[in-house]
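A.B. asks: Here it is, the structure in full.
Protein chains: 2
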Amino acid sequence: MTVTIKDVAKRAGVSPSTVSRVLSGHPRISVETSRKVKVIMEEMGYHPNIMAKSLVSKTTNSICIILPKPAEELFSNLFFMELIRGIVTQASRSGYDVLISSGATEKEELAAVSRLLKGRRVDGAILLYSRKDDAVIDFLKTNGYPFVLVGRSDKYDDILSVDTDNLMAAYDATNHLISMGHTRIGFVSGPPNLIVSRDRLEGYRKAMEHHGLELKSDWIVEGEFLQESGYRAMSFFMNLPSRPTALVVVDDIVSFGVLRGLSELNYSVPADLALVSFNNIPLSELSTPPISSIDIGIYHLGYTASQILIQAIPKQSKEPGLTRRLIIPHRLIVRESSMFSPVRSE
Amino acid sequence: MTVTIKDVAKRAGVSPSTVSRVLSGHPRISVETSRKVKVIMEEMGYHPNIMAKSLVSKTTNSICIILPKPAEELFSNLFFMELIRGIVTQASRSGYDVLISSGATEKEELAAVSRLLKGRRVDGAILLYSRKDDAVIDFLKTNGYPFVLVGRSDKYDDILSVDTDNLMAAYDATNHLISMGHTRIGFVSGPPNLIVSRDRLEGYRKAMEHHGLELKSDWIVEGEFLQESGYRAMSFFMNLPSRPTALVVVDDIVSFGVLRGLSELNYSVPADLALVSFNNIPLSELSTPPISSIDIGIYHLGYTASQILIQAIPKQSKEPGLTRRLIIPHRLIVRESSMFSPVRSE
DNA sequence: CCTCCTTGTGGAAACGCTTGCTTATGTTTA
DNA sequence: TAAACATAAGCAAGCGTTTCCACAAGGAGG
Chain A
1 MTVTIKDVAK
11 RAGVSPSTVS
21 RVLSGHPRIS
31 VETSRKVKVI
41 MEEMGYHPNI
51 MAKSLVSKTT
61 NSICIILPKP
71 AEELFSNLFF
81 MELIRGIVTQ
91 ASRSGYDVLI
101 SSGATEKEEL
111 AAVSRLLKGR
121 RVDGAILLYS
131 RKDDAVIDFL
141 KTNGYPFVLV
151 GRSDKYDDIL
161 SVDTDNLMAA
171 YDATNHLISM
181 GHTRIGFVSG
191 PPNLIVSRDR
201 LEGYRKAMEH
211 HGLELKSDWI
221 VEGEFLQESG
231 YRAMSFFMNL
241 PSRPTALVVV
251 DDIVSFGVLR
261 GLSELNYSVP
271 ADLALVSFNN
281 IPLSELSTPP
291 ISSIDIGIYH
301 LGYTASQILI
311 QAIPKQSKEP
321 GLTRRLIIPH
331 RLIVRESSMF
341 SPVRSE
Chain B
1 MTVTIKDVAK
11 RAGVSPSTVS
21 RVLSGHPRIS
31 VETSRKVKVI
41 MEEMGYHPNI
51 MAKSLVSKTT
61 NSICIILPKP
71 AEELFSNLFF
81 MELIRGIVTQ
91 ASRSGYDVLI
101 SSGATEKEEL
111 AAVSRLLKGR
121 RVDGAILLYS
131 RKDDAVIDFL
141 KTNGYPFVLV
151 GRSDKYDDIL
161 SVDTDNLMAA
171 YDATNHLISM
181 GHTRIGFVSG
191 PPNLIVSRDR
201 LEGYRKAMEH
211 HGLELKSDWI
221 VEGEFLQESG
231 YRAMSFFMNL
241 PSRPTALVVV
251 DDIVSFGVLR
261 GLSELNYSVP
271 ADLALVSFNN
281 IPLSELSTPP
291 ISSIDIGIYH
301 LGYTASQILI
311 QAIPKQSKEP
321 GLTRRLIIPH
331 RLIVRESSMF
341 SPVRSE
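Following this line, the structure appears as C-alpha cells:
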C-alpha cells in the first residue's frame, strides 16, 4: 500500500541503505545516484515513515506545549494564543512539530507529560507559566528532559527559561502613573501562587516606596486572570471611602472587567480612574478607551522559548545551546486609559 | 537507560509477548500474571514507547489541526483559540494527542499535511474553514485519509464536516434588525473566496428580499476577518450620502473595527448605527457597547469535529461512525449594539 | 484411555528505518 | 607492479512493539 524505502530501493536498483543515505544527505553518495533516487522517490510519492525513523533515531522532531492546569479558562485568554503562535511559528521553521497538551488536574497533567516524554513521543516541552511548587518541573528536571519555562522558577535557577522582568515592568507601569501626577494608586493582582503575580506586585511596591507614596493594604486586591476579577476589584475600589485615582492591573483581561464595571456605573476612564495593565494583548487597543499596557512581547516570548528548547535538545551533530535564562525586554504602550493627570490635592 | 518491555519481561520471568498482552488487556492472560507484571512495570517505571507501538500498529493516536493559510493573522482571532480548545479537550478525553500545523503558503501547507499523513505521524486531520478550491481537501480526499472539515466544501458533499447553518444564521441576524424596525441595513462581508462569507451574505440577501427591503449594492462591502476591515467599512458607510441605520457584520473582530471607528468619529452605537455580528467570541460582550452576536458554539464545533474525526479513524475494534455532516445550532445573543429602533421615516 | 478443546504462555517475524561494518572498484604512491 | 588508500554502495543487525503460530497442560467428551 504505502511505499517504503525498500520499494524505492528496488525500483532504483540500489539498496535500502543507499536510499536512506540519499535522504539524509550522506556525503559518500554519488551525485548521480542521489539524483536518480530522488527522481524515483518523487515518482512513487515516497514519504519517510516518521515513526520508524523516530524509533531508531530516538528523536521525534516534535515538542509539546504544556498548558497550565485550568486550561479551560486560560485558553480563552489571547495571551496563550499569542504564545502558542510564537512557538508554532518558530518550531515549524526549525522543522519541529508542536503538540498541545493539557490536563484537567495537576495529576492528569503530570501523567500526560510523563506519557509524552517517557514514551518518547516528544523531544522536549515548553511550560507556560509556573506555579510556586510545580510537580511537572520537578519531574522534567529529575528525569533530565529538555524543557523551557516561559516564566521563572523560584526553586531552581539552572533551568532554561524565557521571561519578562516583571518586577521592572511593574515598576515602569507604576512609575508612569506617578509621573502623570497620580499619588493614590491601587494594584489589582493575580493568584498569589503565581510567580508573575508576586513579581508584579513587588515592582509596584518598589515604585511606590521609591517615590515615598503611601502603600495602603486596602489598595491591593487579589484575583484571577479573569475579567470577573477585574469587575469585582473595581466595585471594591469604588466603594472605598478613600479611593485611588489610578490602578495598575496585572493583566489586560482583568482590565477589561474593570473597564466594563466602570462604564456600567457611568464612571469615565481615565478621568475617574486611570488604568495601566500588562501584556498588551491584541485587544487592549480595541477597547474603549484603549488600555495603556506593558508590552511584554508575548509572541516573541513564545518564539524564543521554542528556539531555546530546540537548541537544548541533544543532537548528534550540534553542541547544545548555552542560553540558560533569557529576559525579553518590555515596553510601555501609553494609550488613552492613562492619559489624564489628577488635580493636585495637597 | 530506558526500560523496555523486554526488561520488564525478564524481571517478571515471563516473555515479552506476555507483557505486551498484559498491557493491552488481552483476555487470555491469567489474573495472577497480569497483576505481577503490572507491579513490576510500576516498580521499574515502565512507559511504552509510543513510536514502536505506532510502527507496528500503524496508528498513532494523534490528530492534527490544520490552520488556514494566513495563520499569522487568523491566529490572533479568538475564534480559532476557542475551536482549538474544543478540539484539544475532546481529543484528550478520547486519548488522542493534538498536533498543530500551519504553513505560510498554500504549498507549504500541503507539504506539511502530506508529511504528517503520509509519514503516518497522525491518524487524521481537522481543517479549520475551507476556501473555495482547496488543494488540501483534494489531497486528503484522494488519498483516503480521515479528516473533518469545520465548515463546508462546495465541491464534495460526501465529506465529514461540522458546520453552522450560516445562511440561516445570517437570515436570523438580519431578521432581528428588521424586527427592531430597521429597513436600511448594510452588510460587511469577508473574503469572497471563503464559503462562510458567501453563505452569510446570501442569508442577509434572503432576509432582505423576504421582507421586500431594498438591496443596495453600495451597502455590501467586502473585507478580511480583521479589525481594519471593519474600520474601513465603517468609514465607507458613514461617508455615503444615504447610509444604513444598521449593519450585519460577518465576524465579531470586524465589528470591533467598526465600533472603534464610530467612537473616534463620536457616533454612538446603536443610535447612529446598530450592529449584529457573528461568532460571539468571548470578547463581544466586553466591548462598549457589547455586541449582539450570533453564537455559533465555537467550542462545541471544535469538540464535535474532534469526536467525528476520531470515530472515523479505522480501528480494529469498532465500526466507523456514520455521521457525515453535522450542523451545530446557532442562536442570537442580543446585546446593546442592536437595542435601538430607528425612527420610521416613511 | 485416547482425542479434542480450552487456557495460558513463549518464540519469532515483522513494522520501516538507520548505521557500523564490509566489500568492490578505481586511483595513487612507492 | 604491488601495496595502500579513497570512494561508493551493500549487508545485516537492531530500535521496541505487536501478533500469528506453536506448544504445554489440564479438563471434557466419547
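Protein sequence lines, in the order shown, are assigned to chains A and B.
Quick note on numbering: the first sequence equals residues 1 to 346 in UniProt numbering.
Quick note on numbering: the second sequence equals residues 1 to 346 in UniProt numbering.
From the three backbone atoms N, C-alpha and C, an ideal C-beta is built for every residue, glycine too.
Because the structure is a prediction, the values reported are computed rather than measured.
1) With C-beta atoms as the reference, is Leu83 of chain A less than 8 Å away from Leu128 of chain A?
2) Going straight from the alpha carbon of Trp219 of chain A to that of Val258 of chain A, what length do you get?
3) When the Cα atoms are used, what is the spatial distance from Ser337 of chain A to Pro290 of chain A?
4) Could you tell me whether the Cβ atoms of Ser102 of chain B and Val88 of chain A are closer together than 8 Å?
5) If you check the beta carbons only, do Ser189 of chain A and Val150 of chain A fall under 8 Å apart?
6) Using DSSP bridges, identify the partner residues of Phe79 of chain A.
7) The beta strand (DSSP E) spanning Gly257 of chain A covers which residue range?
8) Do you know whose CA, among A:Val113, A:Tyr96 and A:Phe225, lies nearest Ala104 of chain A's CA?
9) In chain A, which residues lie less than 7 Å from Gly119 of chain B when you measure between Cβ atoms?
10) Mind the definition here: the stretch 301-310 of chain A touches the stretch 302-317 of chain B only if three or more C-beta pairs lie below 8 Å; say whether that holds.
11) Which stretch, first to last residue, makes up the alpha helix (DSSP H) that contains Val39 of chain B?
12) Which one of B:Asp199, B:Ser57 and B:Val276 has the shortest CA to CA distance from Met339 of chain B?
13) Return the residues of the stretch 87-102 of chain A that lie within a Cβ-Cβ distance of less than 8 Å from chain B, sorted by chain order.
14) Within 8 Å, do at least three Cβ pairs link the stretch 278-290 of chain B to the stretch 235-255 of chain B?
15) On the criterion of 16 or more Cβ atoms from any shown chain inside 10 Å, does Phe75 of chain B qualify as buried, or is it exposed?
16) Apply the 10 Å Cβ neighbour rule to Lys315 of chain B and answer buried if 16 or more other Cβ atoms are within range, or exposed otherwise.
17) Can you tell me whether Arg93 of chain B is buried or exposed, with buried defined as 16 or more other CB within 10 angstroms of its CB?
18) Does the Cβ of Tyr171 of chain A have 16 or more other Cβ atoms within 10 Å, making it buried, or fewer, making it exposed?
19) Please report the straight-line C-alpha distance between Leu332 of chain B and Ser293 of chain B, rounded to a whole angstrom.
20) Quick one: residues in its chain with C-beta nearer than 8 Å to the C-beta of Ile176 of chain B, no 5 flanking neighbours on either side, listed in chain order?
21) Does any CB atom of chain A fall closer than 8 Å to the CB of Phe75 of chain B?
22) Got a sec? Which residues, its chain only, sit under 7 Å from Ile5 of chain B by beta carbon, not counting five neighbours each side?
23) So, is Glu43 of chain A buried or exposed, given that buried needs 16 or more other C-beta atoms within 10 angstroms?
24) Using the C-alpha atoms, what's the distance from Pro146 of chain A back to Ala312 of chain A?
25) Using a Cβ-Cβ cutoff of less than 8 Å, which residues in the same chain neighbour Leu326 of chain A once the five nearest sequence positions on both sides are dropped?
26) Looking only at DSSP bridge pairs, what is Ser292 of chain B linked to?
27) For Ile192 of chain B, does the count of other Cβ atoms within 10 angstroms reach 16, so buried, or fall short, so exposed?
28) Are the beta-carbon atoms belonging to Arg200 of chain B and Leu215 of chain B less than 8 Å from one another?
29) Of the residues B:Val8, B:Ala52, B:Leu226 and B:Ile50, which one's Cα is nearest the Cα of Ser34 of chain B?
30) Report yes or no: is there a C-beta of chain B within less than 8 Å of the C-beta of Thr288 of chain A?
31) Would you tell me roughly how many angstroms separate the C-alpha atoms of Arg120 of chain A and Val3 of chain A, rounded to the nearest one?
32) Would Met81 of chain B pass as a contact of Met81 of chain A if the rule is Cβ separation under 8 Å?
33) According to DSSP, is Gly302 of chain B part of a helix, a strand, or is it coil?
34) Going by C-alpha to C-alpha distance, which of A:Asn266, A:Pro329, A:Leu265 and A:Pro270 sits closest to Ile296 of chain A?
35) Pick helix, strand or coil for Arg198 of chain A, following the three-state DSSP scheme.
36) When you compare the CB of Ser114 of chain B with every CB in chain A, is at least one pair closer than 8 Å?
C.D. replies: To lay it out plainly:
1) yes
2) 14 Å
3) 6 Å
4) yes
5) no
6) Partner(s): none; Phe79 of chain A has no beta bridge.
7) Not the beta strand (DSSP E): Gly257 of chain A falls in the alpha helix (DSSP H), residues Asp252 to Glu264.
8) A:Val113
9) His47, Pro48, Asn49 and Ile50
10) no
11) Val31 to Met44
12) B:Val276
13) Val88, Thr89, Ser92, Asp97, Val98, Leu99, Ile100, Ser101 and Ser102
14) yes
15) For Phe75 of chain B, the pLDDT reaches just 45, beneath the cut-off of 50, and the residue's location in the model is therefore unreliable, although a value from the coordinates is still provided. Burial call: buried.
16) exposed
17) exposed
18) buried
19) 6 Å
20) The question names Ile, yet the displayed sequence has His at residue 176 of chain B. Excluding residues within five positions, the ones whose Cβ falls inside 8 Å are Val276, Ser292, Leu332, Val334 and Ser338.
21) With a pLDDT of 45 at Phe75 of chain B, under the threshold of 50, the modelled position of that residue is not reliable, and the figure given next carries that caveat. At least one chain A Cβ lies under 8 Å of Phe75 of chain B.
22) Pro16, Val19 and Ser20
23) exposed
24) 6 Å
25) Ser161, Val162, Asp163, Thr304 and Ile308
26) B:Val276
27) Here the sequence assigns Pro to residue 192 of chain B, which means Ile is not the residue at that position. Looking at its Cβ environment, which holds fewer than 16 other Cβ atoms inside 10 Å, Pro192 of chain B is exposed.
28) no
29) B:Val8
30) yes
31) 25 Å
32) yes
33) helix
34) A:Pro329
35) helix
36) yes
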